[in-house]
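So the structure is just underneath, and the comments pick up after that.
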Amino acid sequence: MSEKNPIRIERFGPEIIEGAPSSRTNDFNIAISRGFHERAQEAEGLAVLAQIHVADGSEFTAVYDDDVVVPSWHAGKPVATYAAYPGTLNLGGKELLPAHQITAVTVSPTHRRRGILRSVITEDLQAAQANGLPVAILTASEATIYGRFGFGAVTERASFALTTARGANQRGPVTGNVIAVDPAELEIWAPELFAAAHAKTLGSVSHSRFDIGNSTGIWEEFDSLTPIKNLRAALHLDARGEVDGFITYEFSGWKAKTPALSIGQLSALNGAARRELIGYLAAHDLIEEITGRGPVDDVLRSALVNPRDYKVTRVGDHLWMRILDVPAVLGARSYTNDGKISLGVRDDLSLVNGVWELSVENSVPQVRRAPADKSVDATLDVRDLATLVMGMRTATHLEQAGLLNAHHGQALEILDLLFSTTATPYCQADF
Ligand SMILES: CC(C)(COP(=O)(O)OP(=O)(O)OC[C@H]1O[C@@H](n2cnc3c(N)ncnc32)[C@H](O)[C@@H]1OP(=O)(O)O)[C@@H](O)C(=O)NCCC(=O)NCCS
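Heads up: take any position in the sequence shown, counting from 1, add 1, and you land on the working numbering.
Shown next as structure tokens:
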């Protein structure tokens, strides 16, 4: 006699019935808050949360343990959560790449390390691949979790503190103009500017409904969804008067040791917009420090008369990518050099393992599975292929780190030329 598995998985979209979320939708969202040790929402917040998930097109995966009985909180409620929604990723090519965005991954402490995440994510990645999605993407709470599932880090992000005691003078000329606006104005500007910056930025991920509400100040955090009390906003206008960036920021309060402005959202279509928006904050009287986040090669730091006023306070991995379709991914980036290479790809989940041949002629890539008799030029794990393809690290760097085997003398040179990028990948979105 076989025993029935008490672990049951349900997949469903966020449900709003007669204006209110269904109880399983609310239970799912409360379980996420518990998974991240956060306060659960009240009824009003849960309704907004359900609407955000509907707007983003999320699909929930809820895991139940039917053996659990009252008084356990988990009786009839999820012991694990997982959500995914459609987005796009900028890999540097002409078109944005459809991406399977994964979020809300939690397993209750009562059920941890029993293989629940492994089983849910393996099934989900297989389904995403079967549905023709070329990549899955996520941001990770810990850097040690997702590599085993084939995700590689593809962008990094820096936090900075800019000392403004002496101002934040920049060496180059000021080319535009900054105007203060009510954050509510960004309901109009933020979607347009986020989308335009996304289309121009290697490594960028499309914005979500939360990002817009966070820009206008109606939602402080995803977990609290309460208004930001003292939000300010500004737009940047280029020399022709066209809006090409926005910034939101908050004051630290007078009780803080250092009176500071902290940047919330910042979207800029070019370096001048980024520099001049932050420069505007730095020019505020009574303010001694600006804090924010940005690319690891922030143009602001290079622009400063005193670059030491800009201190990097933290650098870390940010976006992680899992390749599900090698030809689609290699075809979605741009190439400035021609060349030909065959890559042996290891993949513990067997989604894209094998030998792939990339040939670039006149900057046009062609990718196919290599014929059986083809010799392999270099071998690497699928997670490191993600890092290489995005351009976060070069092939030589990966080889030096012991993560890529070059099987002959020219392989590294060819790979470095083929995968060179003109920009450092950067993803602003949090999800
Ligand atoms: C991270 C989390 C979802 C893992 O769930 P889980 O069901 O315990 O994971 P599994 O039992 O399926 O583990 C799968 C593998 O990942 C490893 N693993 C899981 N969590 C890990 C962690 N935090 N650090 C390092 N390894 C981890 C396991 O050791 C296991 O390894 P193996 O299969 O190679 O032997 C869970 O610990 C959790 O909810 N943490 C708090 C919330 C969080 O950080 N979520 C991630 C958001 S990005």
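Built from N, CA and C at the ideal position, the CB exists for glycine as well.
Quantities reported herein were computed from a predicted structural model and do not represent experimental measurements.
Give the DSSP-derived three-state secondary structure of Lys-201 in the structure shown. helix
On the DSSP bridge assignment, give the partners of Arg-347 in chain order. Asp-382
Where does Ile-53 sit, in a helix, a strand or coil, going by DSSP? helix
Should His-101 go down as buried or exposed, given a rule of 16 or more other Cβ atoms within 10 Å for buried? buried
Report the start-end ranges of each beta strand (DSSP E) in the segment 20–100 that is 3 residues or longer and not cut off at the edges. 60–66, 81–90
Work out the CA separation of Pro-72 and Arg-334 for me, nearest whole Å. 53 angstroms
According to the neighbour-count rule (16 or more other Cβ atoms, all chains shown, within 10 Å of its Cβ), is Lys-78 buried or exposed? buried
From His-75 to Ala-44, what does the alpha carbon distance come to, in whole angstroms? 19 angstroms
Contacting residues, own chain, Cβ-Cβ under 6 angstroms from Arg-294 (five flanking each side not counted): Arg-158, Ser-160
Out of curiosity, what's the CA-to-CA distance linking Ala-412 and Ala-379? 7 angstroms
Please give the ranges of any alpha helix (DSSP H) in the segment 375–428, keeping only runs that are unbroken, at least 4 residues long and fully inside the region. 383–391, 396–401, 412–419
Nearest to Thr-249 by alpha carbon, out of Ile-291, Asp-286, Lys-258? Ile-291
Output yes or no for whether 7 angstroms exceeds the beta carbon distance between Arg-384 and Gly-204. no
List, from N- to C-terminal side, the alpha helix (DSSP H) runs of 4 residues or more that fit wholly inside the segment 306–340. 327–332
Suppose you measure from the CA of Leu-344 to the CA of Trp-357; what does that come to, to the nearest Å? 5 angstroms
Does the beta-carbon of Glu-39, which I'm using as the reference point, lie nearer than 6 angstroms to any heavy atom of ligand 1? no
Are there 16 or more other CB atoms within 10 angstroms of the CB of Gln-171, so buried, or fewer, so exposed? buried
Please list, in chain order, all residues of the same chain as His-199 whose beta carbon is under 8 angstroms from its beta carbon, the five residues on each side excluded. Thr-89, Asn-91, Leu-97, Ser-205, Val-206, Ser-207, His-208
Backbone CA spacing between Ala-261 and Val-175 [nearest angstrom]: 23 angstroms
Among Ser-364, Ile-8, Ile-324, Pro-228, which residue has its Cα nearest to the Cα of Lys-341? Ser-364
First through last residue of the alpha helix (DSSP H) which encompasses Tyr-281: 272–283
Exposed unless 16 or more other CB atoms sit within 10 angstroms - verdict on Leu-386: buried
Using three-state DSSP, classify Glu-362 as helix, strand or coil. strand
When you compare each of Ser-142, Gly-151, Lys-95 to Leu-352 by their alpha carbons, which one comes out closest? Gly-151
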